[in-house]
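There are 2 protein chains.
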Amino acid sequence: MKKTLLTCGLLLGCSTFAHADPLSAWNDTAAKQSIEQWVQNATKEGSPAFIPTDKRYVVFDNDGTLWPEEPLVFQIKFIVDEIKRQAPEHPEWKKDPLLKAVLDNDLKKVMTFGKEGLLKLVTLTQSGMTTDEFNQRVANWFDTQKDARFGCRYDQMAYQPMRQLLDYLRENGFKTWIVSGGGIDFMRVISQKMYGIPPEQVIGSFALGEFSLTDNGTQIRKTMKGAFYDDGADKPVAIHLFMGQRPVGAFGNSDGDLQMLQYTTANPNYKTFGLLVHHTDAEREYAYDKQPGSGGKLIKGMEEAKAKGWTVVDMKQDWKTVFDPALCPAK
Amino acid sequence: MKKTLLTCGLLLGCSTFAHADPLSAWNDTAAKQSIEQWVQNATKEGSPAFIPTDKRYVVFDNDGTLWPEEPLVFQIKFIVDEIKRQAPEHPEWKKDPLLKAVLDNDLKKVMTFGKEGLLKLVTLTQSGMTTDEFNQRVANWFDTQKDARFGCRYDQMAYQPMRQLLDYLRENGFKTWIVSGGGIDFMRVISQKMYGIPPEQVIGSFALGEFSLTDNGTQIRKTMKGAFYDDGADKPVAIHLFMGQRPVGAFGNSDGDLQMLQYTTANPNYKTFGLLVHHTDAEREYAYDKQPGSGGKLIKGMEEAKAKGWTVVDMKQDWKTVFDPALCPAK
């Protein structure tokens, strides 16, 4: 929008530029129309659905909502890669059945260790180092790794329609937040660049740090103390803790986002908006959320969407493109 | 500033208006000059001390920095008043030595119960109810209670020089945050109105909530789970958790703010600013921070301020007014 205005300023008359569609990656279906209608009413003073600027807070899940989560959540891929990177310094890891499974790429076996196994891997790769060291490791990983199927860097794989939606909402005075099960420090490394969202508007799973003085300054060391998993019924809890007010719009893709949508759309003061991204496009992305038991399942959410009038985005029907062709061209 | 510009717009020529001093409640001493110099350099492109807008994050303690903390921290007064308000429904409280001491106004005795006693009082008055109920109780308390010495409502007792400083920093592109030992939910009730700071930029002591569905919506109930006391070495930890980047300016008044100032002023990327409010004015406010053992003591901070070039505000010398005369006139 800024670009458009600038162009118009330079060219004087420019009606075609000025009407460039901010949601051009969306097909002109009911999903897109429901978004536009809500935003138009929310920003029209005097409308019964008007929302004052200081209440226009909207929350977005990340995995499966703003970028893919199949075949493996990207942060889990980071964890696996970190274990492999550090393995030469830790010959003893080969004797550990969980770590051996990771090093052998036997992810099915890794899964048999359940939540406890995941916690152990998180502890190994995301605690013990300083926050600066961790940020550097994450940045290096994003700089060097690519998705196996699409051949793109992970930080170039934002869904283009959702990236446009974030811009569109901000242009209309909304404050955009991420509320994700992903690690808060992990996501903050790329949130500004990928989504235009500053670090303080990223809420995620977290644990507390430990502050200390060093020879030439200060540091915060990551620990697992007070570990908080930002998912399900704890998403509204985290929203209250970090944001301190109830949002007016919530965007998710799985039953882990259900309570966030319930909390948001039960806001008694404003006409709210709820949206679920339904993964139906095996050709351009993945189709995986219909079956119970699959990653990021969407069962209860679909039922409740019908009852409550939430918008369900059918990826295959409603999105013109999935990834930004300039960043991650279709093969 | 906005008002000034508007006035100028209407009156055309208005050089005297345009030069209205945004820090008029400060005497023209070294403290004020150090603030102005840092801000001028931080906002001057090309200056070696320039700070880009998206890094201009500054953090303020609340008790003793933005409003008084003597003779009793205001939130402790709230807790005492809440115990008294609820006592008629709890005849059994009279048999409890701690609660009896509260009801008898025997604060010296209350103090003998130490941290454990305080935790019990916090649990009684700040958990168990929904966040909406709690906010309502806090709002009612601010609406009805006045400070015994000054006769003003607590939410009219912001230090005028600091309130001007917040505005001045925001006008220069800084994002102002509160980082306080006070309860995060408690402060958020009044932060916008008193300081122009929205709820999400208030960091404080917190505990987790519990989300649930109700007959006609959703609720978050306050618990003591994961209780975090935002003071001392945990202030930088909370800043990292909520803000996700290191500030460039820190403003405090006691040794509980020491690590926050250390963390901020050790920011390796920018010319930073540290400031301590020194309570030297028994006539207009209080003089209490010199003696070890008194509330909000400032001993280590004074030493480190000298070594590190932090600004120390001598309230008596450096402030023209303490409270805004329009809100809380001197008697």
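Residue numbers (the numbering used here), protein chains in the order written: chain A, 1 to 331; chain B, 332 to 662. Every residue gets a Cβ at the ideal spot worked out from N, C-alpha and C, and that includes glycine.
- By the C-beta density criterion, residue 438 of chain B is exposed, having fewer than 16 other C-beta atoms within 10 angstroms.
- Close to residue 645 of chain B, with beta-carbon spacing below 8 Å, lies no residue of chain A; the smallest spacing is near 27 Å.
- The three-state reading of DSSP puts residue 610 of chain B in coil, since its state is none of H, G, I, E or B.
- For residue 457 of chain B, not one C-beta of chain A is nearer than 8 Å to its own C-beta.
- Rounded to whole angstroms, the gap between the alpha carbons of residue 628 of chain B and residue 610 of chain B is 10 Å.
- The straight-line gap separating the alpha-carbon atoms of residue 533 of chain B and residue 202 of chain A is approximately 15 Å.
- Here residue 495 of chain B is near residue 354 of chain B, since their CB atoms are less than 8 Å apart.
- For residue 314 of chain A, the pairing in a beta bridge is given by DSSP as A:278.
- Identification of chain B residues near residue 217 of chain A by a Cβ-Cβ cut-off of 8 Å yields 597 and 599, ordered along the chain.
- Residues of chain B whose Cβ lies closer than 9 Å to the Cβ of residue 188 of chain A are, in chain order, 575 and 576.
- With distances taken between CA atoms, residue 184 of chain A lies nearest to B:576 out of B:391, B:576 and B:446.
- Distances from the CA of residue 127 of chain A to each of A:253, A:82 and A:307 were compared; the closest alpha carbon is that of A:82.
- Against chain B, the beta carbon of residue 226 of chain A has neighbours under 9 Å at 557 and 559, listed in chain order.
- At a C-beta separation below 8 Å, residue 537 of chain B has these neighbours in chain A: 241.
- Secondary structure within the segment 166–234 of chain A: the beta strand (DSSP E) runs of 3 or more consecutive residues, fully enclosed, are 175–183, 202–205, 209–214 and 217–222 (chain order).
- With a threshold of 8 Å between beta carbons, residue 462 of chain B makes contact with chain A.
- If you check the CB distance, residue 110 of chain A and residue 102 of chain A come in under 8 Å.
- In the structure shown, residue 477 of chain B falls within a strand segment according to DSSP collapsed to helix, strand and coil.
- Residue 589 of chain B and residue 131 of chain A have their C-alpha atoms some 20 Å from each other.
- DSSP places residue 128 of chain A outside both helix and strand once states are collapsed to three, so it counts as coil.
- A residue is called buried once 16 or more other Cβ atoms fall within 10 Å of its Cβ, and residue 64 of chain A is buried on that count.
- Neighbours of residue 259 of chain A across chain B, judged by C-beta separation under 7 Å: 542.
- Straight across, the Cα-Cα distance linking residue 525 of chain B with residue 166 of chain A is about 31 Å.
- Taking 8 Å as the CB threshold, residue 233 of chain A lines the interface with chain B.
- Secondary-structure assignment with DSSP links residue 250 of chain A through a beta bridge to A:59 and A:274.
- By the CB criterion at 8 Å, residue 318 of chain A and residue 53 of chain A fall outside the cutoff.
- Looking at the backbone, the Cα of residue 416 of chain B and that of residue 66 of chain A are separated by about 48 Å.
- Annotation for residue 569 of chain B: 534 and 561 place their beta carbon closer than 6 Å to its own, counting only its chain and skipping 5 residues before and after.
- When only Cα atoms are considered, residue 451 of chain B and residue 55 of chain A end up about 35 Å apart.
- In the same chain as residue 662 of chain B, and ignoring 5 residues on each side of it, the C-beta atoms closer than 8 Å to its own belong to 481 and 482, in chain order.
- Residue burial is scored here from C-beta neighbours: residue 224 of chain A has fewer than 16 other C-beta atoms within 10 angstroms and is therefore classed as exposed.
- When secondary structure is reduced to three states using DSSP, residue 153 of chain A falls in the strand class.
- Against chain A, a Cβ distance below 9 Å from residue 385 of chain B picks out 192 and 198.
- Residue 654 of chain B has B:490 as its beta-bridge partners, per DSSP.
- Taking C-beta separations shorter than 6 Å and ignoring five residues to either side along the sequence, the partners of residue 404 of chain B in its chain run 394, following chain order.
- Of all alpha-carbon atoms in B:622, B:631 and B:431, the one lying nearest the alpha-carbon of residue 592 of chain B is that of B:631.
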